Amino acid sequence: MENRPLISVEGLARRFGETGQPAVFEDIWFGVDKGEFCCLIGHSGCGKTTILNVLAGLDRPSGGAVIVDNREIDGPSLDRAVIFQGHALLPWMTVMGNIAFAVSSRWPNWDRARVRDHAMRFIELVGLAGAENKRPAQLSGGMKQRVGIARALSIQPKMLLMDEPFSALDALTRGMLQDEVLRICADTNQTVFMITHDVDEAILLADRIVLMTNGPGARIAEIVVNTMPKNERHRNDLHRHPQYYAIRNHLVEFLVNRSKAFDREVAEHGFDPRRPKLVKPGLMSMKLSAVNPPAEIVPLTTGRRQ
Amino acid sequence: MLKNSLRLRAGLLSVLIFVAIVGIWQVATMPTAASGPAMDPEYAKLVGAAAATGQKSAMPTPADIGATIWKHLADPFYIRGSNDKGIGIQLAYSLGRVLLGFGLAALVAIPLGFLIGMSPLVYRALDPFIQILKPVSPLAWMPLALYTIKDSAISSIFVIFICSIWPMLINTAFGVGSVRKEWLNVARTLEVGPFRTAFKVILPAAAPTIMTGMRISVGIAWLVIVAAEMLVGGTGIGYFVWNEWNNLSIANIVTAILLIGLVGLLLDQGLAYLAKLVTYPE
Numbered sequence: 004m005e006n007r008p009l010i011s012v013e014g015l016a017r018r019f020g021e022t023g024q025p026a027v028f029e030d031i032w033f034g035v036d037k038g039e040f041c042c043l044i045g046h047s048g049c050g051k052t053t054i055l056n057v058l059a060g061l062d063r064p065s066g067g068a069v070i071v072d073n074r075e076i077d078g079p080s081l082d083r084a085v086i087f088q089g090h091a092l093l094p095w096m097t098v099m100g101n102i103a104f105a106v107s108s109r110w111p112n113w114d115r116a117r118v119r120d121h122a123m124r125f126i127e128l129v130g131l132a133g134a135e136n137k138r139p140a141q142l143s144g145g146m147k148q149r150v151g152i153a154r155a156l157s158i159q160p161k162m163l164l165m166d167e168p169f170s171a172l173d174a175l176t177r178g179m180l181q182d183e184v185l186r187i188c189a190d191t192n193q194t195v196f197m198i199t200h201d202v203d204e205a206i207l208l209a210d211r212i213v214l215m216t217n218g219p220g221a222r223i224a225e226i227v228v229n230t231m232p233k234n235e236r237h238r239n240d241l242h243r244h245p246q247y248y249a250i251r252n253h254l255v256e257f258l259v260n261r262s263k264a265f266d267r268e269v270a271e272h273g274f275d276p277r278r279p280k281l282v283k284p285g286l287m288s289m290k291l292s293a294v295n296p297p298a299e300i301v302p303l304t305t306g307r308r309q
Numbered sequence: 025m026l027k028n029s030l031r032l033r034a035g036l037l038s039v040l041i042f043v044a045i046v047g048i049w050q051v052a053t054m055p056t057a058a059s060g061p062a063m064d065p066e067y068a069k070l071v072g073a074a075a076a077t078g079q080k081s082a083m084p085t086p087a088d089i090g091a092t093i094w095k096h097l098a099d100p101f102y103i104r105g106s107n108d109k110g111i112g113i114q115l116a117y118s119l120g121r122v123l124l125g126f127g128l129a130a131l132v133a134i135p136l137g138f139l140i141g142m143s144p145l146v147y148r149a150l151d152p153f154i155q156i157l158k159p160v161s162p163l164a165w166m167p168l169a170l171y172t173i174k175d176s177a178i179s180s181i182f183v184i185f186i187c188s189i190w191p192m193l194i195n196t197a198f199g200v201g202s203v204r205k206e207w208l209n210v211a212r213t214l215e216v217g218p219f220r221t222a223f224k225v226i227l228p229a230a231a232p233t234i235m236t237g238m239r240i241s242v243g244i245a246w247l248v249i250v251a252a253e254m255l256v257g258g259t260g261i262g263y264f265v266w267n268e269w270n271n272l273s274i275a276n277i278v279t280a281i282l283l284i285g286l287v288g289l290l291l292d293q294g295l296a297y298l299a300k301l302v303t304y305p306e
């Protein structure tokens with residue numbers, strides 16, 4: 004058996020309605036390695052959330068499969084924690100109640116005190132100590148999403164699935180939470196798959212960025228490797244990093260132009276859906292002087308500004 | 025401050041309206057000096073000789089009503105024979121029937137509503153029955169109940185049961201059916217079993233809607249019990265009203281009306297309080 008990554012998406016397709024309908028996405032292949040932070044980026048309507056729901060086990064694909072830990076998934080699992088876009092806290096429970104509900108689902112035999120202690124650790128981890136007896140309605144949007152993150156982490160899953168977790172937050176709160184997620188994921192070496200449409204968020208958080216074309220019939224166009232090392236990514240001076248604009252421009256160029264005209268690229272250069280091209284636009288900017296860029300790089304707008 | 029002044033003014037206005045009603049009533053029921061217009065002989069027969077020939081109309085003055093209310097409230101729980109029981113006893117009979125019928129209806133309606141809300145199949149299968157039976161006046165069931173149960177007291181409880189069931193059934197089904205998908209997804213991703221999901225997620229999520237249904241049901245039950253007891257007789261506030269009509273004691277009837285209203289208010293407020301306990305802000 005070939006050596007698979009922790010999550011392996013193999014030939015995934017999803018159609019809604021009758022079989023004759025065009026697929027929202029089809030022939031989707033990519034993998035997420037253990038300990039990796041992987042972002043999926045694409046326009047609304049390309050089926051990002053559907054892919055995440057399939058990974059979570061909440062939706063079933065029309066074709067293909069998702070292999071996690073060498074087993075095909077066939078439903079939700081406590082190994083794959085989901086952080087929902089709209090936090091999805093149970094409003095009649097307190098912060099503690101929401102997290103304890105998850106903890107006691109994971110370890111049904113634990114007594115009340117043990118569940119509380121464990122939940123409290125994760126409430127503290129996301130900086131909400133003191134708010135554990137509040138109801139979600141008494142919390143700000145950022146605090147609610149922190150509870151959602153604490154709930155997902157508290158069950159100590161093998162991987163985290165995040166569906167645009169910060170999109171409903173104001174810029175300041177979003178930035179703070181991004182920093183915290185980055186810190187927590189680095190500390191715990193968590194495997195993360197996140198959906199976003201925010202280019203800067205992807206560059207800050209992700210080790211690899213999967214680019215998805217527009218639907219219907221959306222596909223994985225290529226996978227951008229974030230060559231900026233994790234410890235050099237800081238929200239405040241991200242824009243000063245020599246690779247930043249190269250990566251950013253590459254992503255923006257994709258979202259603005261290439262995502263809708265990908266068929267033409269396929270016609271010109273060919274396309275193997277099973278092995279999406281790995282590109283490193285960040286390194287491209289470092290080797291601007293190089294006469295022949297590595298063949299794997301698609302020569303589009305790279306960081307000429309610098 | 026502004027709110028307080030509004031409340032004060034509203035209270036003043038209420039008192040004013042009350043005084044006006046009592047005033048008009050007083051004027052209308054004052055004994056007339058000249059003998060009144062010739063009375064319809066049929067009516068004279070109906071109201072009895074004393075009332076027909078006397079100067080005083082059968083309609084009591086506010087003072088009479090006040091005295092009657094005071095008399096009832098001073099000794100609400102006496103029993104002097106089967107047709108002469110204190111008004112408190114009569115209300116207790118009615119309240120007991122309502123709570124029993126309503127309680128039984130809740131025991132059936134809430135689990136069944138849960139099933140309907142969870143299963144589109146059951147919903148579609150039961151929908152025609154519900155749609156047909158829901159608009160039927162509960163009193164229409166009375167003869168059927170009397171024939172099959174052969175006990176008037178239990179029949180009136182059955183009538184309460186059948187009228188309480190619909191709002192609770194429909195609200196429970198609606199509340200359960202419209203639980204937010206994301207909350208159910210939370211339970212699914214946490215691999216929570218069906219029973220735990222039902223009790224820890226669906227029930228609390230639907231509880232405010234279910235409580236609204238219970239509040240509507242208890243209101244209808246309290247409306248229906250008076251009519252049901254008028255039919256079956258024996259005991260209860262409805263029977264009391266009908267009995268006092270036969271005695272032509274308008275003062276007693278008015279007292280009963282006021283007390284029925286008061287008890288209905290207390291029932292409604294009690295359930296409103298319970299509803300508040302299970303309501304969650306989103």
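Which chain is which? The protein sequence lines are D and V, in order. Quick note: the first sequence uses this note's numbering, first residue 4, plus one each step. Quick note: the second sequence uses this note's numbering, first residue 25, plus one each step. All C-beta atoms in this analysis are idealised placements derived from N, C-alpha and C, irrespective of residue type, glycine included. Remember, predicted model here, so these are calculated numbers, not experimental data.
Residue i and residue j closer than 7 Å at C-beta
{"i": "V:Ile261", "j": "V:Leu115", "result": "yes"}
{"i": "D:Glu13", "j": "D:Gly67", "result": "yes"}
{"i": "D:Glu204", "j": "D:Leu214", "result": "no"}
{"i": "D:Val35", "j": "D:Ile76", "result": "no"}
{"i": "D:Pro168", "j": "D:Leu92", "result": "no"}
{"i": "D:Pro160", "j": "D:Ala105", "result": "no"}
{"i": "D:Ala103", "j": "D:Ala122", "result": "yes"}
{"i": "V:Leu255", "j": "V:Met166", "result": "yes"}
{"i": "V:Ala169", "j": "V:Phe153", "result": "no"}
{"i": "D:His200", "j": "D:Gln148", "result": "no"}
{"i": "D:Asn260", "j": "D:Cys49", "result": "no"}
{"i": "D:Gly285", "j": "D:Arg238", "result": "no"}
{"i": "D:Ile86", "j": "D:Ala26", "result": "no"}
{"i": "V:Phe185", "j": "V:Leu119", "result": "no"}
{"i": "V:Arg212", "j": "D:Pro79", "result": "yes"}
Span of the beta strand (DSSP E), counted from its first residue to its last, around residue i
{"i": "D:Ala171", "result": "No beta strand (DSSP E) contains D:Ala171, which DSSP labels as neither H nor E."}
{"i": "D:Thr199", "result": "Thr194 to Thr199"}
{"i": "D:Val269", "result": "From DSSP, D:Val269 is part of no beta strand (DSSP E) but of the alpha helix (DSSP H) over Phe265 to His272."}
{"i": "D:Val106", "result": "Not the beta strand (DSSP E): D:Val106 falls in the alpha helix (DSSP H), residues Val98 to Arg109."}
{"i": "D:Ile44", "result": "Phe40 to Ile44"}
{"i": "D:Val282", "result": "Lys280 to Val282"}
Coarse secondary structure for residue i, derived from DSSP in three states
{"i": "D:Asn73", "result": "coil"}
{"i": "D:Ser11", "result": "strand"}
{"i": "D:Trp32", "result": "strand"}
{"i": "D:Glu225", "result": "strand"}
{"i": "D:Cys49", "result": "coil"}
{"i": "V:Val146", "result": "helix"}
{"i": "V:Phe138", "result": "helix"}
{"i": "V:Leu298", "result": "helix"}
{"i": "D:Arg17", "result": "strand"}
{"i": "V:Gly127", "result": "helix"}
{"i": "D:Val57", "result": "helix"}
{"i": "D:Met162", "result": "strand"}
{"i": "V:Gly260", "result": "coil"}
{"i": "V:Asn28", "result": "helix"}
{"i": "D:Gly78", "result": "coil"}
{"i": "D:Gly130", "result": "coil"}
{"i": "D:Arg308", "result": "Note that D:Arg308 has pLDDT 43, beneath the 50 cutoff, so the model's placement of it is unreliable and the number below is only indicative. If DSSP states are grouped into helix, strand and coil, D:Arg308 belongs with coil."}
{"i": "V:Ala52", "result": "helix"}
{"i": "V:Ala58", "result": "Any reading at V:Ala58 needs caution, since the residue's pLDDT is 48, under 50, leaving its predicted position unreliable; the model's value is listed next. Residue state, collapsed to three classes: coil."}
{"i": "V:Lys158", "result": "coil"}
{"i": "D:Ala68", "result": "strand"}
{"i": "D:Lys147", "result": "helix"}
Endpoints, alpha helix (DSSP H) assigned at residue i
{"i": "V:Met192", "result": "Ser176 to Gly201"}
{"i": "D:Arg211", "result": "From DSSP, D:Arg211 is part of no alpha helix (DSSP H) but of the beta strand (DSSP E) over Arg211 to Met215."}
{"i": "V:Met254", "result": "Leu227 to Val256"}
{"i": "D:Ala84", "result": "Unbroken run through D:Ala84 is the beta strand (DSSP E), Arg83 to Ile86; no alpha helix (DSSP H)."}
{"i": "V:Ala95", "result": "At residue 95 of chain V the sequence reads Lys, which differs from the Ala that was named. Pro86 to Ala98 is the extent of the alpha helix (DSSP H) around V:Lys95."}
{"i": "V:Lys205", "result": "Lys205 to Thr213"}
{"i": "D:Gly220", "result": "Careful: D:Gly220 lies outside any alpha helix (DSSP H) and carries neither H nor E."}
{"i": "V:Thr221", "result": "Pro218 to Thr221"}
{"i": "D:Ala140", "result": "Here D:Ala140 belongs to no alpha helix (DSSP H), and DSSP marks it neither H nor E."}
Specify whether the region 135 to 146 of chain D and the region 164 to 176 of chain D touch according to this definition: at least 3 beta carbon pairs, one from each stretch, less than 8 Å apart. yes
So, does the region 198 to 207 of chain V touch the region 130 to 141 of chain V, judging by three or more C-beta pairs under 8 Å? yes
Take every Cβ of the region 92 to 109 of chain D, pair it with every Cβ of the region 35 to 45 of chain D, and state whether three or more of those distances are shorter than 8 Å. no
Counting pairs of beta carbons, one from the region 257 to 276 of chain V and one from the region 227 to 240 of chain V, are three or more of them closer than 8 Å? no
If we count Cβ pairs, one from each stretch, closer than 8 Å, do we get three or more for the region 273 to 290 of chain V versus the region 209 to 223 of chain V? No, they do not touch.
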